[in-house]
Amino acid sequence: MVDTSARLSRNDLTARGMVGAAFAAMAAVTALDLLDGRLGALFSVGFVLIAGTMPLAVDVRELLPSGVLPPVLLVVTIATVCALVPSAVVVEGLPTDAGWLARTLGGAVDHGVTLLIGHVLAVTAVVTRIFTDPDHPRRG
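Each residue of the sequence shown is one higher than the last, beginning at 1 in the UniProt record's numbering.
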């Protein structure tokens, strides 16, 4: 039998803590990127780093949210920016008088590659954490 007391003493976050930390970090990155008035490269790089780091910060028994959170994190962040600073989401071909929903959808599509990279990193980290966990059933 494996002693889980050492495992419980690690500094891993709970799933709820990880979600809160991810949204707080994304808010900070977005606020910094909005200093020039629009979302750009800092937003994309920050999102990828946050999405890839989430599974590394959470306890291995609570990995599911970190694998499904990246799309939610991106869309909620873009929707918030569209509601607060609509001019910050610039999408080629989108009319300047486009509404909140159109800007949110356009912004999410415009950041599709960013989402793909971040989500692939998150899922890869989840799978790696599962299979390298010392308590994994295959290691028994």
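Even for Gly, the Cβ is constructed at its ideal location relative to N, Cα and C.
Cutting at 8 Å between CB atoms, please list the residues of its own chain near SER87, excluding the five before and the five after it.
For the purposes of this step, residue 87 is taken as residue 87 along the sequence shown, with counting starting at 1. Around SER87: GLY37 and ARG38.
Go through the region 43-105 residue by residue and report every complete run of the alpha helix (DSSP H) that reaches 4 residues or more, in order.
64-84
Under the rule that 16 or more other beta-carbon atoms within 10 Å means buried, what is GLY99, buried or exposed?
Counting from one through the sequence shown, the residue named residue 99 turns up at place 99. Classification of GLY99: exposed, given that the 10 Å Cβ count is below 16.
Report the residue from ASP135, ILE130, PRO134 and THR124 whose alpha carbon sits nearest the alpha carbon of ALA51.
As a working mapping, residue 51 is identified with position 51 in the sequence shown. It is THR124.
Under the assumption that ALA21 contacts LEU13 (Cβ atoms under 8 Å), give the Cβ distance between them as a whole number of angstroms.
Stepping through the sequence shown from its first residue, residue 21 is reached at position 21. Stepping through the sequence shown from its first residue, residue 13 is reached at position 13. With 8 Å as the limit, ALA21 and LEU13 qualify as a contact, their Cβ atoms being about 6 Å apart.
Kindly indicate which three-state DSSP category LEU116 falls into: helix, strand or coil?
Locating residue 116 in the sequence shown gives position 116, counting from the first residue. If DSSP states are grouped into helix, strand and coil, LEU116 belongs with the helices.
Can you tell which of SER44, ALA24, VAL29 and ILE78 has its C-alpha closest to the C-alpha of LEU116?
Start at 1 with the first residue of the sequence shown, and residue 116 comes out as number 116. Per the Cα distances, SER44.
Can you tell me whether LEU39 is helix, strand or coil according to DSSP?
In the sequence shown, counting from the first residue as 1, residue 39 sits at position 39. Correct three-state label for LEU39: coil.
Below 9 Å between beta carbons: does that hold for GLY107 and VAL91?
Here residue 107 refers to the residue found at position 107 when the sequence shown is read from its first residue. Here residue 91 refers to the residue found at position 91 when the sequence shown is read from its first residue. Cβ atoms of GLY107 and VAL91: closer than 9 Å.
Give me, in chain order, the residues of the same chain whose beta-carbon lies closer than 6 Å to that of GLY46; leave out the 5 immediate sequence neighbours on both sides.
Position 46 of the sequence shown, counted from the first residue, corresponds to residue 46. Excluding residues within five positions, the ones whose Cβ falls inside 6 Å are VAL29.
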